[in-house]
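Here is the structure we will look at.
In our numbering, the protein residues as written are 170 to 1278.
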């Protein structure tokens, strides 16, 4: 198979860019294909680089893999390859398996290069430049050869060649291959978390800055006194010692006549109301320096003790602390807290001394085939970057800004060798109960790269500061000399902007090209016969009536309504009318606004008319027999209505659009849901909704889609209206007021959150990074207006974003790099605000340091977004194979390049011990699973969620949490608001952890299942569920009764506490052995084998087999 470099265009007519494979300077024994993130199709928002190049000829010449099965007469298990002697087999019986053979995911063994002189490339090429010129054709390899024995006489078909991900920026000059060290000047001294040999002199610690108290919750800081500082407050003389310790010392300054200049171009847009984020910038090159060679890194992996066997049925150690799931939710608006201090925040000298004497826990070797209980006893924390203490204490919270690697490699070649993705995950508009807000007429920014001043800049003296992204020296404005916290003059380094990595500015007038828009809300409701039958209209109208006064806004807030079936209905709500007037437009081919001035009205002036309309709307269409749906024309009408101001459109739809523009036909074949290996129709059937979304984005209009349907609605096509307008998609399958009360309850709670949560209008976001790094692919709901400017007509606190990065220039002269996300938005009160997040990470020059700083959850979240893109633009099987290869490649790199003593088994560093489990869970997730009957809309919605959800809400979707709840106690409980919250340990997702004598709660993020065993403790049935026996449990129980018992109080407190930690409401289903939902419960047992998917142990064996080839 030949796979050429992919080219795509951004939006409707952007400039072509190329993402393709590239050479890697490091030879690897195991080579599979990398994820090639192609162009903007369906879910993707790629960004062309500044100098796009045409794609070269085909570089991929995939050769079928070679793998084998051998199965005996018993349960089918892959044969584990020999590695230095027979490995220990687990004692006891294996989990029950099906007689059907399961196709293993494959890893390709192709070589990209025509001869042996060229080194093998990285199999997962993250952000590498493709080589210039023509790639040759690799020599032929043997074809697929898969042998298997199963209960079926038919042979197993040949498996397809493995696909991989290669997310790279446009082509450019290739890096010079050199396996010994990166090109450029000699390596600098060892990084902050590298291992120095005994006897070497560790670097001296930086000057620590005296901590200053600062109250984030205080009112916004005002400008300095107009009369100027009193005479006694004279500016203090510049310090004579080294620079202040608010940042890492900058590289040595080069002579001015040697300093070069470079020009970067970002397209400007005169129509952009946020044009402060665009424009040409002149950036000086960072000063050059020639440090001497640093101490060599100490080899890792010496003399690790062999781990005892006993993979299966390993008992939990007695008196172990209770285990918690990955539960990063915050209860309501979370207090903004900096990460806690740990050993990683030692000064450089102390860190070097401690690392000489012991191996960090993140690099402790784990044999995954022997250690069974890998889930941690407490919630998984994001790894703490190995920074000096004064930097780490002001670093950005990982809840807001997170990197897949907390130690940045010095070169792209080193990143390629690690086989780990480099990217950022953001939650930029997260609810924060304490957020510093600064009011100032002068917002201090770098004159070259426009970076906002932050805790990681360097103050050369009181009057000059050096940018931490481009190293330009800037003057300190006079106003910035005054500190509003201490009310002192001459201490710019103590201002809140330099003390807080997350801060919000109230923007002055130069950050606006038009007055800030009012809050504008337009509701578009499907009122066809099918919609009326579901009963959703009553719920929407009732919820609006209850929450009208809680809609974010001010005295300028506007509101409007449109309903539609085969025609479009507008509502005149002009002040002075005795009741609302319905205006019907039946010509859906040429939509017009009947009375443009009275359809969108001031809410405060017309509140009574709005309330009258909401009370009468459910009865207006109760007798309708109109079955058609003209969704496309109604969206066109909404766009015309909101174009002058911008705002939010909330669309409620219950069926496939059938009339007018945007009409769709069913593309789903229910008979092929389980049988098809590759799922068709994951991409849109028409580009109408995407084009309309781009028009909306240009006019600052976002569209949120609520799908309430029991039938196929082609969410792959309809979802584009939200994806490209920065809206959100909400999906309620099988919705019906009477027949599905749990879904109705969830819809009510979600709608309340949606109507009342914070909102930002006419927003843009730009992510900047230190010179040498580049961003090349974005994930989320938005439109890319220029190379790095995201257009967000609406931004909400439940939206997440991800970006892929690459290393364009070697970072050998740098100790740290920084990333800054700036979100400019208009608040619902009409204020123009800028929220800025800045993160600082160390630069390292050894593979062991890179692996030690790997963030397994962030890596999993980024790979999930990349896999969604691959599913849409290539195929589902390509995405599945590429995710499997991600595990194989990273663990193979760790084994060959980091470990110095080779041992049998599947070895992983502690920090990546959950990586295979998370990838297997992704393979079994609704978005990517095969062999199971999965509705197409369900699959597409899961893909939407993987791209849109912040990482905090994503991990439960990928790997649910399982608890035993029939024996809850107050031991180890939390005390929250005078409530006692039990803390049961989290269990592995395997049937072997279930017991017929117990009751188990599974939390999958949006749904909770309470499975009650047949022989469950009678006390739990009576004291918690309120039934006398197991047989008396109703089939559709979705509520826990409020009983006056200690057991009931504990259980309801625990379930309520879990629900409070996420923005949207999860439903609860109490299920028995004969419940229809038990199949959903069992499908989330990701460690167990199914007829179409491997068990966790089998998956580990497969990964080991591929690594040892």
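Cβ atoms here follow ideal geometry from the backbone N, Cα and C, with glycine treated the same way.
Just so it is clear, the structure is predicted and the values come from calculations on it, not from any experiment.
Nearest to residue i (by Cα), restricted to the options the options
{"i": "residue 1207", "options": "1180, 1191, 1218", "result": "1180"}
{"i": "residue 973", "options": "1037, 539, 591", "result": "591"}
{"i": "residue 822", "options": "804, 835, 836, 814", "result": "804"}
{"i": "residue 1290", "options": "991, 995, 996", "result": "Nothing in the structure corresponds to residue 1290, since the chain is present only between 170 and 1278."}
{"i": "residue 825", "options": "798, 807, 847, 806", "result": "798"}
{"i": "residue 1205", "options": "1136, 1083, 912, 1054", "result": "912"}
{"i": "residue 1091", "options": "1066, 1026, 1068", "result": "1026"}
{"i": "residue 1098", "options": "766, 689, 847", "result": "847"}
{"i": "residue 792", "options": "700, 1223, 770, 878", "result": "700"}
{"i": "residue 919", "options": "708, 833, 795", "result": "708"}
{"i": "residue 629", "options": "653, 620, 660", "result": "660"}
{"i": "residue 827", "options": "795, 807, 1255, 856", "result": "795"}
{"i": "residue 696", "options": "787, 761, 638", "result": "787"}
Residue i in three-state terms, based on DSSP
{"i": "residue 995", "result": "strand"}
{"i": "residue 420", "result": "Only weak support is given to the placement of residue 420: the predicted model assigns it a pLDDT of 41, under 50, and the question is left unresolved by the model."}
{"i": "residue 1271", "result": "helix"}
{"i": "residue 657", "result": "strand"}
{"i": "residue 772", "result": "coil"}
{"i": "residue 704", "result": "coil"}
{"i": "residue 1264", "result": "coil"}
{"i": "residue 967", "result": "coil"}
{"i": "residue 1149", "result": "strand"}
{"i": "residue 1004", "result": "strand"}
{"i": "residue 1073", "result": "coil"}
{"i": "residue 1029", "result": "helix"}
{"i": "residue 674", "result": "strand"}
{"i": "residue 681", "result": "coil"}
{"i": "residue 571", "result": "strand"}
{"i": "residue 741", "result": "strand"}
Residues that residue i bridges to, as DSSP identifies them
{"i": "residue 1009", "result": "987"}
{"i": "residue 1179", "result": "1170, 1239"}
{"i": "residue 1286", "result": "Nothing about residue 1286 can be reported from this structure: the residues present for the chain run from 170 to 1278 only."}
{"i": "residue 1296", "result": "Because the chain here runs from 170 to 1278, residue 1296 falls outside it and cannot be looked at."}
{"i": "residue 1133", "result": "1169"}
{"i": "residue 900", "result": "876"}
{"i": "residue 578", "result": "1013"}
{"i": "residue 652", "result": "657"}
{"i": "residue 691", "result": "729, 818"}
Contacting residues, own chain, Cβ-Cβ under 6 Å from residue i (five flanking each side not counted)
{"i": "residue 622", "result": "613, 666"}
{"i": "residue 1118", "result": "969"}
{"i": "residue 719", "result": "925"}
{"i": "residue 1170", "result": "1132, 1134, 1179"}
{"i": "residue 537", "result": "1075, 1077, 1269"}
{"i": "residue 578", "result": "584, 1019"}
{"i": "residue 905", "result": "703"}
{"i": "residue 1148", "result": "1222"}
{"i": "residue 1001", "result": "676, 680, 681, 685, 995"}
Own chain partners of residue i with C-beta closer than 7 Å, once the 5 adjacent residues on each side are dropped
{"i": "residue 1095", "result": "1103, 1107, 1108, 1111"}
{"i": "residue 672", "result": "605, 607, 665, 666, 1005"}
{"i": "residue 836", "result": "850, 854, 883"}
{"i": "residue 442", "result": "With a pLDDT of only 40 at residue 442, under the threshold of 50, the placement of this residue in the model should not be trusted; the figure read from the coordinates follows. Same-chain partners within the cutoff: 681, 682, 683, 931."}
Min CB distance residue i to chain B below 9 Å
{"i": "residue 855", "result": "Looking at the structure shown, chain B is missing, and only one protein chain is on hand."}
Neighbourhood of residue i by C-beta distance below 8 Å, restricted to the same chain and skipping five residues each side
{"i": "residue 780", "result": "714, 717"}
{"i": "residue 1283", "result": "This structure cannot settle anything about residue 1283, because the visible part of the chain is limited to 170 through 1278."}
Mind the definition here: the segment 716 to 723 touches the segment 741 to 761 only if three or more C-beta pairs lie below 8 Å; say whether that holds.
no
Cβ pair count under 8 Å reaching 3, the segment 920 to 929 against the segment 948 to 955:
no
With three or more beta-carbon pairs closer than 8 Å as the criterion, would you say the segment 955 to 969 touches the segment 890 to 905?
yes
So, do the segment 1069 to 1077 and the segment 809 to 816 have three or more beta carbon pairs nearer to each other than 8 Å?
no
Touching or not, the segment 599 to 609 and the segment 1036 to 1043, by the rule of three or more beta carbon pairs under 8 Å?
no
Count the C-beta pairs between the segment 1231 to 1239 and the segment 1017 to 1027 that are closer than 8 Å, then say yes if the count reaches three, no if not.
no
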